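Heads up: the protein sequence lines correspond to chains A and B, in order.
Final position of the first sequence in the numbering used here is 241; the numbers increase by one with none missing.
Final position of the second sequence in the numbering used here is 1241; the numbers increase by one with none missing.
Note that CB positions come from ideal geometry on N, CA and C, so glycine has one too.
Quick caveat, the model's predicted, so the values are computed rather than measured.
Notes follow once the structure below has been shown.
Protein chains: 2
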Amino acid sequence: MGNAEPLYYRIKEALEQRIAKGEFRRGEFIPCEADLVDFYKVSRTTVRKAIGMLVDEGTMTIVRGRGTIVAPTRLNYRVADLMSFTELMRQQGLRPSAIDVRISRQRPDKAIAERLGIGEEEAVYEIYRVRTADDEPITINCSYIPARYLDGHDLRSIERKQSLYKVLEEDCHVEIHSTEDSIQAISADRTRAEILHVGLNDPLLYIERLAYSKAGEVVEFSRIYIRGDRYKHTITLRKRS
Amino acid sequence: MGNAEPLYYRIKEALEQRIAKGEFRRGEFIPCEADLVDFYKVSRTTVRKAIGMLVDEGTMTIVRGRGTIVAPTRLNYRVADLMSFTELMRQQGLRPSAIDVRISRQRPDKAIAERLGIGEEEAVYEIYRVRTADDEPITINCSYIPARYLDGHDLRSIERKQSLYKVLEEDCHVEIHSTEDSIQAISADRTRAEILHVGLNDPLLYIERLAYSKAGEVVEFSRIYIRGDRYKHTITLRKRS
DNA sequence: GTTCATTTGTCCGTATGTATT
DNA sequence: AAATACATACGGACAAATGAA
C-alpha cells in the first residue's frame, strides 16, 4: 500500500528531527546502529542507508569502531547542491525577478553547438534574461537549449515562473541532474556595466555553465555575468572517498 | 587474505576499465545487474554499491526499469571534488610552486576566531603563500589553522611539500574531508596587483574557504586571491536526490 | 602488551515492490 | 498482460577498528 516515501527516507527524516529537537546534539554520538534497529524496528541495511544520506549531506560523521556523531559544525546550509538563482535569492531573503526577457529560436554558432554536443543544423532556443533581486539587476543570463526540449511547449511560462529549470522539469519533463560551472573574474565592458548598474571595468563573475539531464545529455549551455559587489557564490566540495 | 581493497571497489574499477577499453560505450547500456552478478560471481549488493559509486561520480546513469547507461558526456574530468591547488595545476599540465612563504604563530583576530569556531585566546598559525604555476604568480593564499593541529610538527615541510592539505594529512594526521568556498569577484588593490603582476583594479577571484575535518571541525580558514585572467575555477554540482 | 566488548564495514542470499517496454 | 530491470527491505555472518579492562 502505497506509502510513497521509502522507509530509509522516513528514518532519515526522523533522525533529522531528533537533531532539531535537541535530543542529539552537535558533536555527540547518536545511538549505535544496533540500537536504532531495535528502536525503529527496521533492518540494519535501512538504518545504514538513512545514516549514509545524512553523512553525504554533511549532517553526520561516522567514526569507525566508535560510532556516529552529529557533525559539530553545520555546513553553510545546503548551498552544496544544485540550486536555481530563484531559490538562492529567496533563501537570502531577497525577492527575485527577471526583466528584459527575450526568447528566440535560431541556429547555433559553432561554439555553442559544440558545447551542446549537437550539429550546427539543429535549432536551439536562446533565452536572454536580466535577473534582479529586490529590483536591483544582479545577473545577465544567456541560455542556449536544443530546440527539441522546448518545441511544442508554452515558452511564456519562462517569464512567469522565472525558474528555467522549473519550466524544464514541470512542463517539458526534463530534469536537470547536475551542472558544471566554470568560474572566472572579468571586467565589465560598457554594455554590461550599463545593464548591471556598475562602473566600467568593475569586476564581474563570469560563469559558463553546462547543465546535464539525468541521462547525461547536455540540456543547457549558459553564459552568466554577475555583479561582483552584490553576490557571493557559495560552494561545498567533498573529498572523493 | 588481506586484499586491502573491498570487493565492490574492485568491481567498480573493473567496470571503469571496460569503459576505458571501449567495451562499454558512452550512451549505451551496460549489462543488467543480474548479469553482472553472474559475471563477477558476487552478490547484487556488491554490484549495486559499485554502480552507485560510478553514478555518484557522474560516470553512469541509472534509468529505472530500463537499465544503466554510461553517461553520454564525460564531465569535465573530475574537478567536481575537493582538489588542492597543486593537484589542479598539475592536471592542467602546469608546474606548481610557492614563493614568499611566511608562517607565524599568533592570536587570531575576532573575525578569524569566529570562522574557526575557537576563542580569541587560542593560538593559530598564519600561513601566507604566493603560489605560482610555471613561475607566474597565480594566487595569494593566507590560511589560518588552529595551533593545536600543527604544534609539535615540522612546519618547514609546508614549503617543501607545497600542498598544505598533504602536510596536514601525512604529518599531522588531520584529513580534510570537505570545504566550503564563498566566491566573489573583486578589483585588485595596489598591493595585490603588484604581487600578482596585474594592473590596478584588474578583476580577481576572491575566495573565502572553510575546510572541515572528517569530524566536522573547522581545520582551516583561508582567504584566496586569484588572477582573473589566468584561472578558471570549475565546479560540478549535483542535484540533491 | 593482550584480550575483550563494542561499533562500524563488507558481503551474501532472498523476497517483494515498481517502472518500463 | 507479461517480461525485464532497477528499488527497497530483511536477516545473518564475519572482518576490522577502537578503546578500555
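**Message:** I'd like to know whether the C-beta of residue 1186(B) is nearer than 8 angstroms to at least one C-beta of chain A.
**Reply:** As a position in the second sequence, residue 1186(B) is number 186, starting the count at 1. It does: the Cβ of residue 1186(B) has a partner Cβ on chain A nearer than 8 angstroms.
**Prompt:** Is it the case that the Cβ atoms of residue 1050(B) and residue 205(A) are separated by a distance below 8 angstroms?
**Reply:** As a first step, residue 1050(B) must be located in the second sequence, where it is residue number 50. As a first step, residue 205(A) must be located in the first sequence, where it is residue number 205. Contact: no.
**Asked** Along the chain, where does the alpha helix (DSSP H) that runs through residue 1039(B) open and close?
**Response** As a working mapping, residue 1039(B) is identified with position 39 in the second sequence. In the DSSP assignment, residue 1039(B) falls within the alpha helix (DSSP H) that extends over 1033-1040.
**Request:** Within its chain, find whatever has a CB closer than 7 angstroms to the CB of residue 1223(B); leave out the 5 residues flanking it on each side and keep chain order.
**Result:** For the purposes of this step, residue 1223(B) is identified with residue 223 of the second sequence, where counting begins at 1. Hits under 7 angstroms: 1142 and 1208.
**Request:** If I'm right that residue 211(A) touches residue 179(A) with Cβ under 8 angstroms, what's the distance once you round it to whole angstroms?
**Result:** Residue mapping note: residue 211(A) aligns to position 211 of the first sequence, counting from 1. Residue mapping note: residue 179(A) aligns to position 179 of the first sequence, counting from 1. Rounded, the Cβ-Cβ distance is 5 angstroms, consistent with contact.
**Message:** Would you say residue 233(A) lies against chain B (beta-carbon separation less than 8 angstroms)?
**Reply:** Position 233 of the first sequence, counted from the start, is the residue given in the question as residue 233(A). Closer than 8 angstroms: yes.
**Request:** Return the residue from the list 1132(B), 1060(B) and 1122(B) that minimises the CA-CA distance to residue 1095(B).
**Result:** Numbered from 1 along the second sequence, position 95 holds the residue referred to as residue 1095(B). Nearest option by C-alpha distance: 1132(B).
**Start and end residues, beta strand (DSSP E) containing residue 124(A)** = Counted from its first residue, the first sequence places residue 124(A) at position 124. Start and end: 124-133.
**Request:** In the DSSP assignment, find the unbroken beta strand (DSSP E) run with residue 1169(B) in it and report its ends.
**Result:** Taking the first residue of the second sequence as position 1, residue 1169(B) is located at position 169. From DSSP, residue 1169(B) is part of no beta strand (DSSP E) but of the alpha helix (DSSP H) over 1164-1170.
**Prompt:** So, helix, strand or coil for residue 63(A), using DSSP?
**Reply:** Within the first sequence, numbered from 1, the residue matching residue 63(A) stands at position 63. Shown here, residue 63(A) sits in a strand according to DSSP, grouped into three states.
**Message:** Let me see if you follow: with CB-CB separation under 8 angstroms, is residue 1015(B) close to chain A or not?
**Reply:** Counted from its first residue, the second sequence places residue 1015(B) at position 15. Residue 1015(B) is outside the set of residues whose beta carbon lies under 8 angstroms from a beta carbon in chain A.
**Request:** Using a Cβ-Cβ cut-off of 8 angstroms, state whether residue 205(A) counts as contacting chain B.
**Result:** Translated into positions along the first sequence, residue 205(A) becomes position 205. With 8 angstroms as the cut-off, residue 205(A) counts as an interface residue toward chain B.
**Request:** Mind listing the chain A neighbours of residue 1228(B)? Cutoff is C-beta to C-beta under 9 angstroms, in chain order.
**Result:** Reading the second sequence from its first residue, position 228 is the one you call residue 1228(B). Taking a Cβ-Cβ cut-off of 9 angstroms, the neighbours of residue 1228(B) in chain A comprise 184, 185, 186, 187, 203 and 206, given in sequence order.
**Message:** Please report the straight-line C-alpha distance between residue 1203(B) and residue 1177(B), rounded to a whole angstrom.
**Reply:** Taking the second sequence and counting its residues from 1, the one referred to as residue 1203(B) is at position 203. Taking the second sequence and counting its residues from 1, the one referred to as residue 1177(B) is at position 177. So the alpha carbons of these two residues sit roughly 30 angstroms apart.
**Message:** For residue 167(A), would you say it is in contact with chain B, using Cβ-to-Cβ distances shorter than 8 angstroms as the test?
**Reply:** For the purposes of this step, residue 167(A) is identified with residue 167 of the first sequence, where counting begins at 1. So no, residue 167(A) is outside the interface.
**Beta-carbon neighbours of residue 1063(B), restricted to chain A and to distances below 9 angstroms** = Within the second sequence, the letter at position 63 stands for residue 1063(B). Those within 9 angstroms of residue 1063(B) in chain A are 214 and 215.
**Request:** Compare the C-beta of residue 71(A) against all C-beta atoms of chain B and say whether one is closer than 8 angstroms.
**Result:** Here residue 71(A) is taken as the residue at index 71 of the first sequence, counted from 1. Using a CB distance cut-off of 8 angstroms, residue 71(A) counts as an interface residue toward chain B.
**Message:** Please report whether the beta-carbon of residue 42(A) lies at a distance below 8 angstroms from any beta-carbon of chain B.
**Reply:** For the purposes of this step, residue 42(A) is taken as the residue at position 42 of the first sequence. Output row for residue 42(A): interface = no.
**Request:** Could you name the residues of the same chain whose beta carbon sits closer than 7 angstroms to that of residue 1216(B), not counting the 5 residues immediately before and after it, in chain order?
**Result:** Position 216 of the second sequence, counting from 1, holds the residue named residue 1216(B). Nothing meets the Cβ criterion.
**Request:** Inspect the beta-carbon positions of residue 15(A) and residue 46(A) and report whether they are closer than 8 angstroms.
**Result:** As a first step, residue 15(A) is located in the first sequence; it is residue number 15 there, counting from the start. As a first step, residue 46(A) is located in the first sequence; it is residue number 46 there, counting from the start. Contact: no.
**Item:** Closest by C-alpha distance to residue 29(A), when choosing among 53(A), 5(A) and 66(A)
**Value:** One-based indexing of the first sequence puts residue 29(A) at position 29. Per the Cα distances, 66(A).
**Request:** Reducing DSSP to helix, strand and coil, say where residue 25(A) ends up.
**Result:** Here residue 25(A) is taken as the residue at index 25 of the first sequence, counted from 1. Residue state for residue 25(A) is assigned as coil, using DSSP reduced to three classes.
**Message:** Which runs of the alpha helix (DSSP H) at least 4 residues long sit entirely within the segment 167-202 of chain A? Give them in chain order.
**Reply:** Runs found: 190-196.
**Prompt:** Which residues in chain B sit within 9 angstroms of residue 117(A), going by Cβ to Cβ distance?
**Reply:** Here residue 117(A) refers to the residue found at position 117 of the first sequence. Simply 1072 and 1073.
**Asked** Which chain A residues are close to residue 1218(B), counting only those with a beta carbon under 8 angstroms from its beta carbon?
**Response** By 1-based counting over the second sequence, the position of residue 1218(B) is 218. Those are 73, listed as they occur along chain A.
**Message:** Please classify residue 1199(B) as buried or exposed, where buried requires at least 16 other C-beta atoms within 10 Å of its C-beta.
**Reply:** In the second sequence, residue 1199(B) corresponds to position 199, counting from 1. Classification for residue 1199(B): exposed.
**Message:** My assumption, with CB atoms under 8 angstroms, is that residue 1157(B) sits in contact with residue 1086(B). Please give the rounded CB distance.
**Reply:** On the second sequence, residue 1157(B) is found 157 positions in, with the first residue counted as 1. On the second sequence, residue 1086(B) is found 86 positions in, with the first residue counted as 1. Contact annotation, residue 1157(B) with residue 1086(B): C-beta distance approximately 14 angstroms; criterion of less than 8 angstroms not satisfied.
**Request:** Using beta-carbon positions only, say whether residue 1054(B) and residue 1021(B) come within less than 8 angstroms of one another.
**Result:** As a first step, residue 1054(B) must be located in the second sequence, where it is residue number 54. As a first step, residue 1021(B) must be located in the second sequence, where it is residue number 21. Taking 8 angstroms as the Cβ cut-off, residue 1054(B) and residue 1021(B) do not qualify as a contacting pair.
**Request:** Can you tell me the Cβ-Cβ gap for residue 183(A) and residue 1110(B), rounded? I've got them flagged as a contact below 8 angstroms.
**Result:** Within the first sequence, residue 183(A) is the residue found at index 183, counting from 1. Within the second sequence, residue 1110(B) is the residue found at index 110, counting from 1. Not really, about 30 angstroms apart at Cβ, beyond 8 angstroms.
**Prompt:** From residue 146(A) to residue 107(A), what does the alpha carbon distance come to, in whole angstroms?
**Reply:** For the purposes of this step, residue 146(A) is taken as the residue at position 146 of the first sequence. For the purposes of this step, residue 107(A) is taken as the residue at position 107 of the first sequence. About 10 angstroms.
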